[in-house]
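Below is one structure; the comments refer to it alone.
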Amino acid sequence: MALLQVYVWIILAYCVASMAVGFGILDIRNNRFLMSAFATLVRLVEPVLRPIRAILPDMGALDLSPLILLLLIEYGIPYLLRMIFRLIYSSQGL
Numbered sequence: 014m015a016l017l018q019v020y021v022w023i024i025l026a027y028c029v030a031s032m033a034v035g036f037g038i039l040d041i042r043n044n045r046f047l048m049s050a051f052a053t054l055v056r057l058v059e060p061v062l063r064p065i066r067a068i069l070p071d072m073g074a075l076d077l078s079p080l081i082l083l084l085l086i087e088y089g090i091p092y093l094l095r096m097i098f099r100l101i102y103s104s105q106g107l
């Protein structure tokens with residue numbers, strides 16, 4: 014679960030960085046460090062967001078896929094793990 018919390022922070026950093034780049038607060042074209050840091054965030058987050066974006070309807074400039082991913086990580090995965098453990102323990106008669 015600690016690894017998932019690290020990934021949550023990576024998603025949040027991606028959201029902040031992409032908004033800063035989109036609004037022109039960060040200019041990554043002239044700064045090699047910022048460009049590589051942003052590219053790393055994109056490589057870590059975009060492959061997971063892509064399937065979520067394929068399911069969500071197009072809302073123009075509003076991208077809710079990071080929010081959906083954060084909700085899945087915070088609530089969906091623990092729920093699935095609890096259900097799996099209940100199935101395992103109930104099948105063993107414990």
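Counted the way the working numbering counts, the sequence shown spans residues 14 to 107. All C-beta atoms in this analysis are idealised placements derived from N, C-alpha and C, irrespective of residue type, glycine included. Note that the coordinates shown come from a computational prediction; the quantities given were computed from them, not determined experimentally.
I believe residue i touches residue j by the beta-carbon criterion, under 8 Å. Please report the beta-carbon distance rounded to the nearest angstrom.
i   : j   : result
S78 : L62 : 5 Å
L83 : I24 : 6 Å
I86 : V21 : 6 Å
Here's the rule: buried if 16 or more other CB atoms are within 10 angstroms of the residue's CB, otherwise exposed. What is residue i?
i    : result
A74  : exposed
Y108 : Summary: the structure shown does not reach residue 108, with the chain confined to residues 14 through 107, and so no result is reported for it.
A30  : buried
Which same chain residues, not among the five before or five after residue i, have their C-beta less than 7 Å away from its C-beta?
i    : result
V34  : I41, F51
L47  : L39, I41
V105 : Note on residue identity: the sequence assigns Gln, not Val, to residue 105. Taken in chain order, the list of residues that qualify is empty.
I65  : S78, I81, L82
Go through its chain and collect everything with a Cβ distance to residue i's Cβ below 6 Å, but skip five positions before and after it.
i   : result
Y27 : L54, V58
Quick one: what's got a C-beta closer than 8 Å to residue i's C-beta in the same chain, skipping five residues either side?
i   : result
I90 : L17
Cβ contact check for the region 48–56 and the region 66–73: 3 or more pairs under 8 Å: no
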